[in-house]
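Asker: Heads up: the sequence lines are chains W and R, in that order. The opening residue of the first sequence carries number 392 in our numbering; numbering runs sequentially from there. The opening residue of the second sequence carries number 392 in our numbering; numbering runs sequentially from there. Beta carbons are placed, not taken as given, at the ideal position from N, Cα and C, and that holds for glycine. Please find one structure pasted underneath; my questions will follow.
Number of protein chains: 2
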Amino acid sequence: MDIWKRFGEKEVSHSMAHYLQAVASLKQEKGHARVGDIASHLGVSKSGVTSMLRSLQTRGLISHEKYGCVELTPAGQRLAERTESSRVVITRFLTEILGVPEAVASEDACMIEHLVSPQVTVELLRLTSFLRSDHAAARAFLEAYRSTPHECGDHSPDACAVCQTSCLRDSLVRDIGEAAERAGA
Amino acid sequence: MDIWKRFGEKEVSHSMAHYLQAVASLKQEKGHARVGDIASHLGVSKSGVTSMLRSLQTRGLISHEKYGCVELTPAGQRLAERTESSRVVITRFLTEILGVPEAVASEDACMIEHLVSPQVTVELLRLTSFLRSDHAAARAFLEAYRSTPHECGDHSPDACAVCQTSCLRDSLVRDIGEAAERAGA
DNA sequence: CGGGGGAGTTAAGCTTCCTCAACATTCTTG
DNA sequence: CAAGAATGTTGAGGAAGCTTAACTCCCCCG
Numbered sequence: 392m393d394i395w396k397r398f399g400e401k402e403v404s405h406s407m408a409h410y411l412q413a414v415a416s417l418k419q420e421k422g423h424a425r426v427g428d429i430a431s432h433l434g435v436s437k438s439g440v441t442s443m444l445r446s447l448q449t450r451g452l453i454s455h456e457k458y459g460c461v462e463l464t465p466a467g468q469r470l471a472e473r474t475e476s477s478r479v480v481i482t483r484f485l486t487e488i489l490g491v492p493e494a495v496a497s498e499d500a501c502m503i504e505h506l507v508s509p510q511v512t513v514e515l516l517r518l519t520s521f522l523r524s525d526h527a528a529a530r531a532f533l534e535a536y537r538s539t540p541h542e543c544g545d546h547s548p549d550a551c552a553v554c555q556t557s558c559l560r561d562s563l564v565r566d567i568g569e570a571a572e573r574a575g576a
Numbered sequence: 392m393d394i395w396k397r398f399g400e401k402e403v404s405h406s407m408a409h410y411l412q413a414v415a416s417l418k419q420e421k422g423h424a425r426v427g428d429i430a431s432h433l434g435v436s437k438s439g440v441t442s443m444l445r446s447l448q449t450r451g452l453i454s455h456e457k458y459g460c461v462e463l464t465p466a467g468q469r470l471a472e473r474t475e476s477s478r479v480v481i482t483r484f485l486t487e488i489l490g491v492p493e494a495v496a497s498e499d500a501c502m503i504e505h506l507v508s509p510q511v512t513v514e515l516l517r518l519t520s521f522l523r524s525d526h527a528a529a530r531a532f533l534e535a536y537r538s539t540p541h542e543c544g545d546h547s548p549d550a551c552a553v554c555q556t557s558c559l560r561d562s563l564v565r566d567i568g569e570a571a572e573r574a575g576a
């Protein structure tokens with residue numbers, strides 16, 4: 392059982408995904424992406440950028456000549472777009488459907504955007520779109536959902552279709568308090 | 392804008408989360424967790440385990456004496472439980488609500504379980520529970536949802552409540568094909 | 001009770017991603 | 001057009017997580 396090891400074998404790491412997004416966004420904003428722009432956009436040193444660019448170039452995701460501007464290759468462009476789409480989809484689901492605060496949603500989306508498979512993201516988009524549409528069943532559902540209390544209630548076996556045996560909520564709620572403390576501290 | 396840098400500052404890394412889960416699960420299965428057990432459970436070398444245990448001990452998540460068994464501290468126990476809960480919640484949401492195949496859902500859950508905030512997970516649990524319940528609005532919604540075609544349809548501005556400007560689905564679907572090819576190859 | 005063998009640890013080395021300091025290049029401006 | 005300011009690159013070094021190889025420890029069996 393070592394799915395977990397594939398973490399390091401993803402197409403791009405968390406850092407790489409953000410470098411690609413930075414290049415794409417700078418390109419759009421200012422028409423070009425230079426080392427210094429990327430460095431300040433991401434808050435890393437220029438030397439860090441230089442070495443990451445080398446690595447991205449090796450993977451065929453960007454092209455970059457010494458002292459020149461950085462360009463995304465088609466593969467890099469696709470990856471950047473996909474990651475960006477994921478982030479938007481995830482963020483909107485978290486805020487608009489789950490009702491999680493902006494700040495939390497953005498941070499979570501940023502952490503997982505590059506890890507969620509396109510397959511999952513596209514289904515998440517579908518669910519979010521449908522729930523946001525004016526379909527009668529969607530509106531009725533949301534209304535019922537919003538007006539239902541947040542507690543799990545009874546947790547005798549089978550009381551909850553998800554938790555099943557022990558209350559999963561307990562271990563989560565316990566830690567939300569801690570997170571709030573940390574944020575406040 | 393450097394939320395993205397907090398990736399490296401999470402309470403535990405992906406590896407650490409899985410070491411903790413391994414200890415918890417071995418403890419439950421066999422009553423104790425030894426270095427060799429952990430190593431074979433995770434598919435890493437024993438020396439890798441030794442050094443990771445040192446690091447986890449420094450963080451106060453486990454206790455371990457030379458040549459002895461490994462124990463979770465209360466903090467480690469909590470973290471292990473929370474990660475495990477997250478994984479279950481996420482997996483069930485992905486398979487049962489989004490209808491994503493088991494294999495994909497498991498892998499995605501494994502990748503993000505330690506990154507999703509408890510706040511998001513608890514809301515995800517709430518949504519999943521409610522949708523799985525026999526509440527009339529939930530049942531009606533699911534039925535309508537299941538019988539709606541998967542296409543986005545029109546993507547003129549404002550046609551889709553989520554995509555808004557360009558079709559996010561396009562960049563995602565494009566990559567699903569590629570992923571399928573890779574899996575088949 | 002003294003080996004032998006398995007369990008565990010240490011040591012050295014690799015990769016990724018970052019840092020700072022020094023050096024190289026290019027741009028700009030007098 | 002040349003000097004200094006901006007910009008970019010190189011190099012050395014560090015932390016995290018892994019690896020393999022070699023060593024140490026513990027325990028059980030004859």
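Taking DSSP's pairing of strands, which residues face W:E462 in a bridge?
Answerer: Looking up residue 462 of chain W in the first sequence gives position 71. W:S454, per the DSSP bridge assignment.
Asker: Between R:T486, R:E487, R:L411 and R:A424, which lies nearest to R:Q468 when the distance is taken from Cα to Cα?
Answerer: One-based indexing of the second sequence puts residue 468 of chain R at position 77. When only C-alpha atoms are compared, the closest one is R:L411.
Asker: Since W:V480 contacts W:L515 with CB under 8 Å, what's their CB separation in whole angstroms?
Answerer: Start at 1 with the first residue of the first sequence, and residue 480 of chain W comes out as number 89. Start at 1 with the first residue of the first sequence, and residue 515 of chain W comes out as number 124. Contact holds; Cβ gap of about 5 Å.
Asker: Classify W:S477 as buried or exposed, calling it buried when 16 or more other Cβ atoms lie within 10 Å of its own Cβ.
Answerer: Here residue 477 of chain W refers to the residue found at position 86 when the first sequence is read from its first residue. By the 10 Å Cβ count, W:S477 comes out buried.
Asker: Note down, one range per segment and in chain order, each alpha helix (DSSP H) of at least 4 residues found wholly within the region 471–529 of chain R.
Answerer: With a minimum length of 4 residues, the continuous alpha helix (DSSP H) runs that stay inside the region 471–529 of chain R are 493–503 and 509–523.
Asker: Establish whether the CB of R:R537 and some CB of chain W are separated by less than 7 Å.
Answerer: Taking the second sequence and counting its residues from 1, one reaches residue 537 of chain R at position 146. No - not a single Cβ of chain W is within 7 Å of the one on R:R537.
Asker: Step through the CB atoms of chain W and report whether any lies within less than 7 Å of the CB of R:Y410.
Answerer: Locating residue 410 of chain R in the second sequence gives position 19, where the first residue counts as 1. No - not a single Cβ of chain W is within 7 Å of the one on R:Y410.
Asker: Output the distance between the C-alpha atoms of R:L417 and R:V461, rounded to the nearest integer angstrom.
Answerer: The residue you call residue 417 of chain R lines up with position 26 of the second sequence. The residue you call residue 461 of chain R lines up with position 70 of the second sequence. Near 10 Å, if we compare the C-alpha coordinates of R:V461 and R:L417.
Asker: Suppose contacts are defined by Cβ-Cβ distances below 7 Å. Is W:L433 in contact with W:A413 by that definition?
Answerer: For the purposes of this step, residue 433 of chain W is taken as the residue at position 42 of the first sequence. For the purposes of this step, residue 413 of chain W is taken as the residue at position 22 of the first sequence. Closer than 7 Å, so yes.
Asker: Less than 7 Å between CB atoms is the rule here; does W:S436 satisfy it with respect to chain R?
Answerer: Taking the first sequence and counting its residues from 1, one reaches residue 436 of chain W at position 45. Cβ-Cβ to chain R under 7 Å: no for W:S436.
Asker: Roughly how many angstroms lie between the CA atoms of W:R560 and R:S406, to the nearest whole one?
Answerer: On the first sequence, residue 560 of chain W is found 169 positions in, with the first residue counted as 1. On the second sequence, residue 406 of chain R is found 15 positions in, with the first residue counted as 1. The alpha-carbon atoms of W:R560 and R:S406 are separated by roughly 24 Å.
Asker: Given a limit of 7 Å on CB to CB distance, which residues of the region 489–501 of chain W reach chain R?
Answerer: Answer set for the region 489–501 of chain W: L489, G490, V491, V495, S497, E498, D499 and C501.
Asker: Where does R:S562 fall in DSSP's three states?
Answerer: Against the second sequence, residue 562 of chain R aligns to sequence position 171. Three-state result, R:S562: helix.
Asker: Helix, strand or coil: which one does DSSP assign to R:S538?
Answerer: Translated into the one-based positions of the second sequence, residue 538 of chain R becomes position 147. DSSP places R:S538 in coil when its eight states are reduced to three.
Asker: Cα-Cα, which of W:W395, W:A408, W:H423 and W:I394 is closest to R:W395?
Answerer: Stepping through the second sequence from its first residue, residue 395 of chain R is reached at position 4. Checked all of W:W395, W:A408, W:H423 and W:I394; the closest Cα to R:W395 is W:A408.
Asker: Taking buried to mean at least 16 other C-beta atoms within 10 Å of its own C-beta, is R:H455 buried or exposed?
Answerer: Counting from 1 along the second sequence, the entry for residue 455 of chain R is found at position 64. Under this definition R:H455 is a buried residue.
Asker: Give me the Cα-Cα distance between W:Y458 and W:T539, rounded to the nearest whole angstrom.
Answerer: Locating residue 458 of chain W in the first sequence gives position 67, counting from the first residue. Locating residue 539 of chain W in the first sequence gives position 148, counting from the first residue. Rounded to whole angstroms, W:Y458 to W:T539 spans 59 Å at the Cα level.
Asker: Distance cutoff 7 Å, beta carbons only. Does R:Q510 sit that close to anything in chain W?
Answerer: Within the second sequence, the letter at position 119 stands for residue 510 of chain R. So yes, R:Q510 belongs to the interface.
Asker: For W:A413, which three-state DSSP category applies?
Answerer: For the purposes of this step, residue 413 of chain W is taken as the residue at position 22 of the first sequence. Of the three classes helix, strand and coil, the one that applies to W:A413 here is helix, per DSSP.
Asker: Please report the residue range of the alpha helix (DSSP H) in which R:I438 lies.
Answerer: By 1-based counting over the second sequence, the position of residue 438 of chain R is 47. A small correction: the amino acid at residue 438 of chain R is Ser; Ile does not occupy that position in the sequence shown. That run of the alpha helix (DSSP H) goes K437 to T449.
Asker: Locate the alpha helix (DSSP H) running through W:G427, then write down its first and last residues.
Answerer: By one-based count along the first sequence, residue 427 of chain W stands at place 36. First-last of the alpha helix (DSSP H) with W:G427: V426 to L433.
Asker: Please confirm whether R:R530 has its beta-carbon closer than 7 Å to some beta-carbon of chain W.
Answerer: Taking the second sequence and counting its residues from 1, one reaches residue 530 of chain R at position 139. No, because no Cβ of chain W sits closer than 7 Å to the Cβ of R:R530.
Asker: Are the beta-carbon atoms belonging to R:A430 and R:K437 less than 7 Å from one another?
Answerer: Start at 1 with the first residue of the second sequence, and residue 430 of chain R comes out as number 39. Start at 1 with the first residue of the second sequence, and residue 437 of chain R comes out as number 46. Against a cut-off of 7 Å, the Cβ pair of R:K437 and R:A430 comes out as a contact.
Asker: Please compile the residues from chain W whose C-beta is within a distance smaller than 9 Å of the C-beta of R:E456.
Answerer: In the second sequence, residue 456 of chain R corresponds to position 65, counting from 1. Simply none; closest approach about 27 Å.
Asker: Between the beta-carbon of R:D499 and the beta-carbon of W:V507, is there less than 7 Å?
Answerer: Mapped onto the second sequence, residue 499 of chain R falls at position 108. Mapped onto the first sequence, residue 507 of chain W falls at position 116. Yes. Within cutoff.
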